[in-house]
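Worksheet: one structure, shown below.
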Amino acid sequence: MSGIEKLQRNWYVMIVPAGVIIALLGSVGLPMLFPALNSSRFRFGLIIAVVVVFGAVAGWRAWRGRRNAGAIAEGIATPDQGEADAAAVSTRLREALAELRKASGRRKNYLYAKPWYVIIGPPGAGKTSAFLNSGLRFPYADGALKGEGGTRNLDFWFTDDAVLVDTAGRYTTQDSDPRGDAKGWERFLTLLRRTRPLEPVNGIIVTIGVDMLVSEDRERIDAHAAAIRRRLHELRSTLRVAAPVYLLLTKADLLEGFGDFFADLAADGRRAVLGGTLAIDEPVTAATMTAAFDRMVEAIDARTAKRLQDEPDRQRRSRIIGFSAQLLSLRERFARLVGGMLPEDDAPGHRLRGFYFASSKQEGSPIDRLLASLATSYDGIASPAATTRTRAFFLNRLFAEVMFPEAGLVEPEPVVQRRRHLANIGGIAAFAAVAIVMLFLWDGSFQANKGLQAADLSGARAAAAAITASGADLAEVRADDPDLEQMLPVLDRLRALPGGYAAQLSGRPSWRMRLGLYQSGHAQAARATYLEALQRIMLPRLLLELEQALRTDAQTPIRLYDPLKTYLMLGGYGPIDARAVGAWVRNDWATTALPGADREDVRRRLTVHLDALLADDDLGRVWANRRAPLDGRLLAQSRAAVIGLPLADRAYAMLRQRAAASGHPDWLASAVMAESDGRAFRNGDTVMALSVPWFFTRDGYKRAFGPGLADIGAELDRDLWVLGSDGAKVSVRDQLTAINDTVARSYAQDYIAAWDHVLATPQPANYFGDRQALGSFTRTPSPLRTLLDQTVKNTTLGTSQTASTRFDAGTAIQAHFRPAAAFTRGEAGAPPPVDALVQAVRQAASAASAGAMPGANVGGDALRGQFASALGDLSTAGVSAPPQLQSFVGGIGRNGRGAAARTTETMLNDQYSATILASCRTTTNRRFPFDAAATTEVSPAELQRVYGNNGEIDGFIRGNLQPLLVQA
Numbered sequence: 015m016s017g018i019e020k021l022q023r024n025w026y027v028m029i030v031p032a033g034v035i036i037a038l039l040g041s042v043g044l045p046m047l048f049p050a051l052n053s054s055r056f057r058f059g060l061i062i063a064v065v066v067v068f069g070a071v072a073g074w075r076a077w078r079g080r081r082n083a084g085a086i087a088e089g090i091a092t093p094d095q096g097e098a099d100a101a102a103v104s105t106r107l108r109e110a111l112a113e114l115r116k117a118s119g120r121r122k123n124y125l126y127a128k129p130w131y132v133i134i135g136p137p138g139a140g141k142t143s144a145f146l147n148s149g150l151r152f153p154y155a156d157g158a159l160k161g162e163g164g165t166r167n168l169d170f171w172f173t174d175d176a177v178l179v180d181t182a183g184r185y186t187t188q189d190s191d192p193r194g195d196a197k198g199w200e201r202f203l204t205l206l207r208r209t210r211p212l213e214p215v216n217g218i219i220v221t222i223g224v225d226m227l228v229s230e231d232r233e234r235i236d237a238h239a240a241a242i243r244r245r246l247h248e249l250r251s252t253l254r255v256a257a258p259v260y261l262l263l264t265k266a267d268l269l270e271g272f273g274d275f276f277a278d279l280a281a282d283g284r285r286a287v288l289g290g291t292l293a294i295d296e297p298v299t300a301a302t303m304t305a306a307f308d309r310m311v312e313a314i315d316a317r318t319a320k321r322l323q324d325e326p327d328r329q330r331r332s333r334i335i336g337f338s339a340q341l342l343s344l345r346e347r348f349a350r351l352v353g354g355m356l357p358e359d360d361a362p363g364h365r366l367r368g369f370y371f372a373s374s375k376q377e378g379s380p381i382d383r384l385l386a387s388l389a390t391s392y393d394g395i396a397s398p399a400a401t402t403r404t405r406a407f408f409l410n411r412l413f414a415e416v417m418f419p420e421a422g423l424v425e426p427e428p429v430v431q432r433r434r435h436l437a438n439i440g441g442i443a444a445f446a447a448v449a450i451v452m453l454f455l456w457d458g459s460f461q462a463n464k465g466l467q468a469a470d471l472s473g474a475r476a477a478a479a480a481i482t483a484s485g486a487d488l489a490e491v492r493a494d495d496p497d498l499e500q501m502l503p504v505l506d507r508l509r510a511l512p513g514g515y516a517a518q519l520s521g522r523p524s525w526r527m528r529l530g531l532y533q534s535g536h537a538q539a540a541r542a543t544y545l546e547a548l549q550r551i552m553l554p555r556l557l558l559e560l561e562q563a564l565r566t567d568a569q570t571p572i573r574l575y576d577p578l579k580t581y582l583m584l585g586g587y588g589p590i591d592a593r594a595v596g597a598w599v600r601n602d603w604a605t606t607a608l609p610g611a612d613r614e615d616v617r618r619r620l621t622v623h624l625d626a627l628l629a630d631d632d633l634g635r636v637w638a639n640r641r642a643p644l645d646g647r648l649l650a651q652s653r654a655a656v657i658g659l660p661l662a663d664r665a666y667a668m669l670r671q672r673a674a675a676s677g678h679p680d681w682l683a684s685a686v687m688a689e690s691d692g693r694a695f696r697n698g699d700t701v702m703a704l705s706v707p708w709f710f711t712r713d714g715y716k717r718a719f720g721p722g723l724a725d726i727g728a729e730l731d732r733d734l735w736v737l738g739s740d741g742a743k744v745s746v747r748d749q750l751t752a753i754n755d756t757v758a759r760s761y762a763q764d765y766i767a768a769w770d771h772v773l774a775t776p777q778p779a780n781y782f783g784d785r786q787a788l789g790s791f792t793r794t795p796s797p798l799r800t801l802l803d804q805t806v807k808n809t810t811l812g813t814s815q816t817a818s819t820r821f822d823a824g825t826a827i828q829a830h831f832r833p834a835a836a837f838t839r840g841e842a843g844a845p846p847p848v849d850a851l852v853q854a855v856r857q858a859a860s861a862a863s864a865g866a867m868p869g870a871n872v873g874g875d876a877l878r879g880q881f882a883s884a885l886g887d888l889s890t891a892g893v894s895a896p897p898q899l900q901s902f903v904g905g906i907g908r909n910g911r912g913a914a915a916r917t918t919e920t921m922l923n924d925q926y927s928a929t930i931l932a933s934c935r936t937t938t939n940r941r942f943p944f945d946a947a948a949t950t951e952v953s954p955a956e957l958q959r960v961y962g963n964n965g966e967i968d969g970f971i972r973g974n975l976q977p978l979l980v981q982a
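Residues in the sequence shown are numbered from 15 upward in steps of one, following this note's numbering.
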């Protein structure tokens, strides 16, 4: 095989250019047809995809080749158990494999890269001699990968172009040891089928010696043909392929006249082919085979005249003349052999490609087929003397130019072929389906990206129109320009541009948008437009807000530090702390710039834009040197005011600012109390709205104040840049060592004030007249108990004292709220006083309710006594209340006394109506002198009984009213 042919048959040589062409067409051609694909990312991705796909296929082929080659080598090198010469054969096979692999450059598929031809035939057919003397090159391990001593089992001959598998003759005839020979043959076929499923063999060479064809009778010829037919059938049924069959008639030199007829041939002539090759589409029948045989004989006849003319020797001339007849004498036996091997009525199988005469060496006496029949009758006919020569005839080109080039003629069985055909159709259909689906997907992606471009353009135009309509100046923002609330719709519109900032923040675009067509350039442009708008719209207006805050708080230096620092950071004059800036801006919006619940949505939307602005790594790029033109005069005045502020106050303000910026939630009464708990207090809404900054909670004390106090000095030193050149003065730095005590005192003072406010805020409801308020207050746990529990929990602190602090804030706070803790938790196992207070309120309210019921005047003294006792218990329970709750407890007492007075009044009214009022009416009704028209007068005795001394009225006053009167 020529070098060009080898290159053409090399998969890698063909597939690499194909991959390059596909990559070039995809990366260059597609962008020319579809401009939307004209991006370096798409081209690079397509090239990578082609490389990955072709690399995966190449890797799979290499892996399959290595696996199959390893299976072949293992199967060959592993001897059958129980054979006497198994060890020697195995050793020889391993040595040959090692040499073959070494010579092939240690390629993993060194046994699987060539076509395979199986040679079968009866013993003594001259198979091995034909190969050794064929002129083929056997470059590896002395030519063969074989056992020892001829062809005992299998010989593997590795030529440059093919692998020739020479089977032992006993595998064909299977007459010496039928069971063992059949087992070895089946093992060989199984190995081929397992390791080379697509093309186990590429051709079958059937060898028959001419001496057998000449000397043996018809029964032996038929037996050889039947054995070969069975082997061919087993090859087909086991390997499931139909391979071309080549009938090689060896030892042709034993025909009388062969050597003399071809004695004039040079080396090139001896490499020619003697025989007949059938056309691919020509049917194989007895007629076609005999016709091909006759054509070969005619070619011999055509050469006879020239040979006779060139040959001077009379005996040789006689043999030359008879050589044609010798061939013709084989015609009948040849046809019988071929008909027995591949009968016409047999099932479709292997196809006979041709028959060929060859001679590997001239050894033995030629046989005169015409005279052989006379040998039995005439003893005077002697055989020619035996000769031995080693010139090969008609072998080299037979292998190299006839058999090996037809390696691709092997075909699978019809069933297998149909299966593969269906698989190919399925593969093509699947590829077409995938291609159609991809076209639809690409069309959808193209339309989606086209819509993205249109939507971006429309959104940009709408935003530009909104900016124009607002009258905003994007180059220079003045105080009379639209404020942030007015510019909010523009920012919302720019943020929501398709594929822009909001879309990218929520994740990658949908797979329909990608598929290699995603217009990332448009998306990035939309994102950049929004970020640019933040720098030109939001950032200048934040600076204006900060300037306003600096002016407003000019007389309150302690409130200037945070806005001053934020002003400098946003202006580009110091390292930006996004969390601190965000905390100050959001607090300013909530309290000053955009206050009120009706603007909650505005603040929420602006916060989203603020976070995007502060996340921009190139903040301030719209200004020269990334520094804003700040108000220098205002800046100098603010710095002067802050420098005049004690450094401890500044440090405390920094701690509060950092805690506020941490994002931790504040303590909220509404988060720890039920919604209905507000009914327990007269100012329930105010109580439920109570809040304490996280900085003044137990968690804030542990995580913010304690660590912050330890490094506040270093932080102040770092932030001296806020003060400008004056911050580096020695007088300022000297204060850093003495600020912790003052900061701790300020913290403790504000901490105590925050929780004092929590306890002092609740006001008692009318528990003696409002049953819902009473029920809410006296439930378990009481809302008052909940507030106390939360207060005690957040004011029971450990020590935070450090080496640089003499005043311990935690100890001071805990000491201040120790009465509240005792009131809430009790002491020495006693029940908590707060529970006693709630119980006293419940009992007093119950007594008040009993006195207000109809008929309460009956036993009124007892009811009044019960009520008075309950009020006394209430007063006693309130004695131990902490100072923060004294007002609350006093309010309950006042309400109780008022309820007691109302109850007594009710009871007296009822008693008066039932006794005094009834007696007066009886005495005066239609009686003279109280009724001038009456005919009956009141007797003195009746007047004395009602109105006289010790009468009913006098008794009612002494018994009911006199104890209630305050006498001077």
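Think of the CB as a built atom: it goes at the ideal place given N, C-alpha and C, for glycine as much as any other residue.
>> So the candidates are R328, E296, G368; which of them puts its Cα closest to the Cα of M310?
In response: G368
>> Less than 8 Å between C-beta atoms, sequence neighbours within five positions excluded: which residues of the same chain meet that for V872?
In response: Caution is warranted here: a pLDDT of 43 is assigned to V872, below 50, making its placement in the model unreliable, and the coordinate value is therefore given only provisionally. Within the same chain, V872 has no close Cβ partners at all.
> On the three-state DSSP scale, how would you describe S927?
Replying inline: helix
> In angstroms, rounded to a whole number, what distance separates the CA positions of D497 and T805?
Replying inline: Per the coordinates, the alpha-carbon of D497 lies some 42 Å from the alpha-carbon of T805.
>> Looking at the strands, I want to know which residues DSSP matches up with F369.
In response: L261, G290
> Going along the chain, which residues of its own chain have a beta-carbon closer than 6 Å to the beta-carbon of E425, five neighbours each way excluded?
Replying inline: A256
> Would you report the Cα separation of V701 and A477, rounded to the nearest angstrom?
Replying inline: 46 Å
> Starting from G657 and walking both ways along the alpha helix (DSSP H), at which residues does that stretch end?
Replying inline: Here residue 657 is Ile; the residue named in the question, Gly, does not match the sequence. Its alpha helix (DSSP H) spans residues 646-657.
> Looking at the structure shown, is E270 part of a helix, part of a strand, or coil, going by DSSP?
Replying inline: coil
>> So, for F831: in the same chain, excluding its five sequence neighbours on each side, which residues have a beta-carbon less than 6 Å away from its beta-carbon?
In response: Excluding the 5 residues flanking it on each side, F831 has same chain C-beta neighbours closer than 6 Å at T809, in chain order.
>> Taking the alpha-carbon of T929 as reference, which of E966, A449, P897 has the nearest alpha-carbon?
In response: E966
> Could you give the residue range of the alpha helix (DSSP H) that holds W598?
Replying inline: 592-602
> For S676, does the three-state DSSP call read helix, strand or coil?
Replying inline: Here S676 sits in coil by DSSP.
>> Using only CA atoms, which one of V451, W735, A859 lies nearest to Q786?
In response: A859
>> Quick check on N871: does DSSP put it in helix, strand or coil?
In response: Only weak support exists for where N871 lies, its pLDDT of 47 falling under 50; the value from the coordinates is given anyway. Coil.
> From what residue to what residue does the beta strand (DSSP E) around I133 run?
Replying inline: 130-134
>> Please report the distance separating the alpha-carbon of R330 from that of R184.
In response: 38 Å
> Going by other Cβ atoms of all chains shown within 10 Å of its Cβ, with 16 needed for buried, is A281 buried or exposed?
Replying inline: The residue is exposed, with fewer than 16 neighbouring Cβ atoms inside 10 Å.
>> Whole angstroms are fine: how far does the CA of V220 sit from the CA of G353?
In response: Roughly 14 Å between the two C-alpha positions.
> Alpha carbon to alpha carbon, how far is F418 from P129?
Replying inline: 8 Å
> Is the beta carbon of Y370 less than 8 Å from the beta carbon of L263?
Replying inline: yes
>> Please classify F58 as buried or exposed, where buried requires at least 16 neighbouring CB atoms within 10 angstroms.
In response: exposed
> So which of L704, R693, S676 has the shortest CA-CA distance to A718?
Replying inline: For A718, the nearest C-alpha among the options comes from S676.
>> The alpha helix (DSSP H) that contains D327, what's its start and end?
In response: Neither: D327 is in no alpha helix (DSSP H) and is coded neither H nor E.
>> For G586, which residues in the same chain have their Cβ closer than 8 Å to its Cβ, ignoring the five residues on either side in sequence?
In response: L633, G634, W637, N639, R640, R641, A642
> Should E559 be labelled buried (16 or more other beta-carbon atoms within 10 Å of its own) or exposed?
Replying inline: buried
>> Can you look up P845 in the DSSP assignment and give me helix, strand or coil?
In response: coil
>> On a Cα-Cα basis, can you pick out the residue from A685, R434, L628, C934 that is closest to R254?
In response: R434
> Can you round the beta-carbon distance between Y515 and R522 to whole angstroms, since I take them to be within the 8 Å contact cut?
Replying inline: Not quite, the Cβ-Cβ distance comes to about 14 Å (not below 8 Å), so this is no contact.
> Is I235 near H364, with beta carbons less than 8 Å apart?
Replying inline: no
> Residues in its own chain within less than 6 Å of M355 by CB, not counting five upstream and five downstream?
Replying inline: A239, I242, R243
> Hey, how far is the Cα of W199 from the Cα of D169?
Replying inline: 13 Å
> Is it buried or exposed for A597, if we count other Cβ within 10 angstroms and need 16 for buried?
Replying inline: buried
> Nearest CA to the CA of R940: which residue from L931, E951, P707?
Replying inline: E951
> Bridge partners of P523, per DSSP?
Replying inline: Its beta-bridge partners do not exist; DSSP assigns none.
> Using the beta-carbon count (16 or more within 10 Å), is V132 buried or exposed?
Replying inline: buried
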